[in-house]
Amino acid sequence: MSEQIGKYSDYSATSNKRLQYLLLGLQVIAIAVLTFCDTSYGEADDYTEWAYGHFQDVHVMIFIGFGFLMTFLKHYNWSAVGFNFLLGAVAIEWYYIVDLIFHKGSLSVSYATMFNCEFAAGACLISFGALLGKVSHLQLVVMALFEIIFYKLNEHTALHWEQTAGFRDVGGSMIIHAFGAYFGLAASKVLYSDRHLNAAKEGADYKTDLFAMIGTIFLWMYWPSFNSIPETDAYTRQIIAINTYTALAAACVTAFAVTGFGDKHGSARFDMVHIQNATLAGGVAMGSSADMKIGIGGAVIIGSIAGAVSTLGYQMIHEILLEKLKIHDTCGVHNLHGIPGILGSVFSMVFGMVLGGDLIWWKQALVLWMTLSIAIVGGTITGWVMKAVVSAEEADKKELFEDAEHWEKEHEE
Amino acid sequence: MSEQIGKYSDYSATSNKRLQYLLLGLQVIAIAVLTFCDTSYGEADDYTEWAYGHFQDVHVMIFIGFGFLMTFLKHYNWSAVGFNFLLGAVAIEWYYIVDLIFHKGSLSVSYATMFNCEFAAGACLISFGALLGKVSHLQLVVMALFEIIFYKLNEHTALHWEQTAGFRDVGGSMIIHAFGAYFGLAASKVLYSDRHLNAAKEGADYKTDLFAMIGTIFLWMYWPSFNSIPETDAYTRQIIAINTYTALAAACVTAFAVTGFGDKHGSARFDMVHIQNATLAGGVAMGSSADMKIGIGGAVIIGSIAGAVSTLGYQMIHEILLEKLKIHDTCGVHNLHGIPGILGSVFSMVFGMVLGGDLIWWKQALVLWMTLSIAIVGGTITGWVMKAVVSAEEADKKELFEDAEHWEKEHEE
Amino acid sequence: MSEQIGKYSDYSATSNKRLQYLLLGLQVIAIAVLTFCDTSYGEADDYTEWAYGHFQDVHVMIFIGFGFLMTFLKHYNWSAVGFNFLLGAVAIEWYYIVDLIFHKGSLSVSYATMFNCEFAAGACLISFGALLGKVSHLQLVVMALFEIIFYKLNEHTALHWEQTAGFRDVGGSMIIHAFGAYFGLAASKVLYSDRHLNAAKEGADYKTDLFAMIGTIFLWMYWPSFNSIPETDAYTRQIIAINTYTALAAACVTAFAVTGFGDKHGSARFDMVHIQNATLAGGVAMGSSADMKIGIGGAVIIGSIAGAVSTLGYQMIHEILLEKLKIHDTCGVHNLHGIPGILGSVFSMVFGMVLGGDLIWWKQALVLWMTLSIAIVGGTITGWVMKAVVSAEEADKKELFEDAEHWEKEHEE
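Protein chains in written order, with my numbering: chain H, 1 to 413; chain G, 414 to 826; chain C, 827 to 1239.
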């Protein structure tokens, strides 16, 4: 009656042990740096009263949303939600340290720091989606440590470089979603192996897809909080919430409308993969223009295009990416975060020009170009490092998409 | 080891294809209407700062609460949560359009619009509960499109007709719960077929009932937000939250006390159906009197009566409805939303008279009468339309309570 | 394809029937007391606007967090989440009555009352964790009724006794966590039986452990709200949130670092039990010092020590407790709430001395000593009463860790 966890191949033992020491080392460094450097508690500022509620919504998106969205694989549930948990926690600690360095050793911590930690974690977890089931947790933690440095470099430059002053990306279409997706895809290309194709255990089952819907729906519901949290003006915050809410409804309806075109039997049935992912594309694509007065009609347009393009991406681009470019993208982050992130940037240029206002299109384009460059270069470098930390034997022989490699249970035998 | 989705009968293919075009058509209409009509963003008003948190709680109730509550059927999990997702999103878009028409073509969108969208979606999803597993998604979307028109007609009349000025229904016992339940039951009567009886796949299993508890508990927890969100005064909002919280605790305890009387073995064991549903009746029944100073004693009385009546409804009225009136009510919305909704209206009259104050009992009765009339007439008409959009062959032969009719998965073969 | 619930032994029928009458009696008492005593609605005070959001987070922790955390047992899912639901609701009603008595018959109800109800429920549900699967629901409700009296006695003394004036425990390390754990462990010792060892059904399976992660992660995410809700100053509330958030991240990373040392194969794989529980120890251990300016470095130290000690507790102390002291602790509440609760008190003394300030170490020690004394004496007395309310035959013969004893389903046969 009870389902059991699979068999353990023993090839991951070295990876498992190295992870222990890496995490213990990280704790020692975090304690040393955060205790002896100059950190302080921020004032009760503009953010104080309402931002905490928004923060908790974003927190749910990162740890329940991303975590459960990735539980769709039938033998990789514990790793999906467990490694998501670990990577998110590592990202929080490590972002403090990296942020401290970018602030020249002096850090004032407030609710704003907390949601910046979550955004950095979000970028790492998007990249995790591209690699899900194929690499060890050791490799993932190494990825997170490197990715946050590149992420911070890109975000810091975009916010502080005079050439990009005034660019708009309140919801992080570029800075978070496109960055995380292309970073992960670049790493996945480096780590590509023919073993990733047609792996016996890469697939969902009936109940794991239902667990994944928990993730999807929490992401979908709380996205207006994600996009509006950096905005301190209450009036604009309401605009962002309305735009994001409306675009997400439109993306959901459109994904259901378009998913059936991919039914191999010609029966126009729904594909769970599209529903779990493309419904969210409206939130991603709204990120760069959410604070503009695009109207609910504009929001329906953005959401509908994003939902349709993302669904078609799963039906068409996903295979091309794998076969032509040798990039295996387990969760399809290219279709959920990559393309919709770029679309978000483009929408901001188009609506910025249509509506007038102070948005300068080439600054958006410059940040997009910089984001993609840093993501792809950084992801490639990180992929090489990830390859180096695990022996060729482990990489070749450990079971793919299998929890038993990294999880022990007494009832296993 | 992995559970698979069931077999596909192919009778739903036409329904599936028509749904695609209906949804695409809806997007075209939404874009045209919402882009070219006069919509604007509301001011940062009374609601602005705190209402967003309440809105998110309600949002979770609609999409996680209702969605997972309906996952109890063993072969209909994806449709439960997936169609709930689709219908909710359709309701949001369509409510904008209907609201625009009722506002004579000029709509100011604010957090209040967002939670009104959710309330309209809630009514549709209650009706969905009566029909769960028996009709196609095409029929459900058609239902939502019609239901929101009738819902808005009833709500608009109750709020703007001088005869009903001053009626009280802050939590929507009548306007949302009773309306949604009787609308769905009326449609279910029209769509009744002997095939709905003793269908092999109508039943829960051990894990799907656990998924359903996710829905139950999120609904139960966030109900105080649902009932208090329309109230702008902080003092009264606290009263509503306390009353609702207390009534829900009482309904939960009472449902556990009374459920065992239905055990067929005379062993007084709990029935999961009662726990999933009757525990929530306290929130429904508190809707019309939540803003009165009934005291926590009064709240325990309302919650206890509602919990007991709802549980007994599942034990006794459910069968009568089916056998005498030929109404098949998959989720028992009559016992969760119908009777407790009417009770809520009655409680408001009783407490209004006991406590004095400005509530006029016959206005409550008038709104209740109007609500039931519009729901039953509207539900019957909508049932006829739903019957017309699907061929007799599909209705007769497609598998009931079976996801495979509408969902495709590669691992299915 | 569908999993079924197990067989029913019939030994629980008397327990089931007595529970019905106990719950009905409780409702009669609650209605009488709460209607006729002097209760009123509190003013819209300091707490009003923001506290409601914090309250809802705590509410999720109690009903989803604790409820799903305990679903890990493979045949006891419904009881885990269902009895958690029942006990929580009983605790809310009963706490009103006990609080009324401690307030000499006059109670003003506000958001603060609501979160105090939740804290009392939390203590009971921690104790439930020690007893999970071994006692009937009748015994659990009896436990909750007694425990809340002892809990209130301890909390009231700590807050109002002049000897303890000025003690600090904003997040309840002592008052809630240590109290609940040692109360439950004392009761478990009284109720010990050799049958509790090696029971065939005590164990998790692959999917139930995934349900348990829903509970873990909601507890982990919302813990900053739990610790900060009693604080009315916005600046200090932000400090508490930052400290708790940081300690939880550190506890998570450390639990993952240390769990592998327990792998019986020497392969350093993760143990799901540790991840589900020890990751939370950072929140418990931060409870008494969360409002101090310990810095994020201090928070990482507290979280890391708590996470490591808790994980090692599961690996080492758990067996000793069972074999030497004859205490069977199903969920390991000793490692999650007991030891980290005591650690929390110790950390507050250490940081209080290091940082200076007005905290007096011996007041912390006095409250800790009082808490442990009342918990252990109260738990022992309550254990005797729990033993008395169920016949020796039922206690000896009913199936352990089996839902079918208390739940009926039509599809069972």
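Each residue gets a CB set at the ideal place from its N, CA and C atoms; glycine is no exception. Nothing here was measured: the structure is a model prediction, and the numbers come from that model.
Contiguous beta strand (DSSP E) elements confined to the stretch 594-641 of chain G do not occur, taking only those with 3 or more residues. Between the C-alpha atoms of PHE85/H and ALA1076/C there is a straight-line separation of about 12 Å. The Cβ of GLY133/H sits no closer than 8 Å to any Cβ of chain G. Contact of SER391/H with chain G is not assigned, every C-beta pair being separated by 8 Å or more.
For VAL666/G, the closest Cβ of chain C is nearer than 8 Å. The three-state secondary structure of LEU439/G, taken from DSSP, is helix. Three or more beta-carbon pairs separated by less than 8 Å are not found between the stretch 31-51 of chain H and the stretch 196-206 of chain H, which leaves the two stretches without contact. Within chain G, no C-beta atom comes less than 9 Å from the C-beta of ASP403/H; the nearest is roughly 12 Å away. Interface criterion met: the Cβ of VAL300/H is under 8 Å from a Cβ in chain G. Among the residues of the stretch 1135-1165 of chain C, none has a Cβ less than 9 Å away from any Cβ of chain H.
Here DSSP, grouped into helix, strand and coil, assigns LEU772/G to coil.
Secondary structure in the stretch 1118-1156 of chain C: the alpha helix (DSSP H) runs of 4 residues or longer, each lying completely within the stretch, are 1121-1138 and 1144-1149 in chain order. The beta carbons of GLY616/G and GLN846/C sit no closer together than 8 Å. Interface annotation for the stretch 194-226 of chain H against chain G: GLY203, ALA204, ASP205, TYR206, LYS207, THR208, ASP209, LEU210, PHE211, MET213, ILE214, THR216, ILE217, PHE218, TRP220, MET221, TYR222, PRO224 and SER225, criterion Cβ-Cβ distance under 9 Å. Between the C-alpha atoms of THR330/H and GLY133/H there is a straight-line separation of about 8 Å.
With the rule of 3 Cβ pairs closer than 8 Å, the stretch 622-630 of chain G does not count as touching the stretch 730-744 of chain G.
Bounds of the alpha helix (DSSP H) holding VAL90/H are 77-102.
Within chain G, the residues placing a beta-carbon under 9 Å from that of GLN846/C are PHE669, ALA670, VAL671, THR672, GLY673, PHE674 and ALA681, ordered along the chain.
Inclusion of GLY287/H and GLY338/H in the CB contact set at 8 Å is not warranted, their separation being larger than that value. Following the DSSP letters along the chain, one finds LEU933/C inside the beta strand (DSSP E) bounded by residues 932-935. Boundaries of the alpha helix (DSSP H) harbouring THR236/H: 234-259, taken from the DSSP string.
For ALA493/G, there are no neighbours in chain C by C-beta distance under 9 Å, as the nearest C-beta there is about 15 Å away. In the structure shown, GLU408/H adopts extended strand secondary structure according to DSSP, grouped into three states. Put simply, the CB of ILE1068/C is near chain H, with a gap under 8 Å to one of its CB atoms. Nearest C-alpha to ILE376/H among VAL389/H, PHE146/H and TYR52/H: PHE146/H. Contact fails between the stretch 1059-1072 of chain C and the stretch 896-916 of chain C, because fewer than three Cβ pairs, one in each stretch, are under 8 Å apart. Proximity of MET353/H to chain G, defined by a Cβ-Cβ separation below 8 Å, is not satisfied.
Proximity of chain G to MET940/C at the Cβ level (cut-off 8 Å) is accounted for by ALA654, ILE655 and TYR658, in chain order. For ASP809/G, the enclosing alpha helix (DSSP H) covers residues 805-810. For TYR564/G, the three-state secondary structure derived from DSSP is helix. Counting only the Cα atoms, GLU869/C lies some 30 Å from MET1000/C. For GLY695/G, the enclosing alpha helix (DSSP H) has its first and last residue at 694-698. When CB distances to chain H are screened at a threshold of 7 Å, the residues of the stretch 848-882 of chain C falling below it are TRP876 and GLY879, in chain order. In this structure ALA681/G is in contact with LYS843/C, their Cβ atoms being roughly 5 Å apart against a cut-off of 8 Å.
Using beta-carbon distances, PHE596/G does not count as an interface residue toward chain H, since no partner is under 8 Å.
The Cβ of LYS706/G sits closer than 8 Å to at least one Cβ of chain C.
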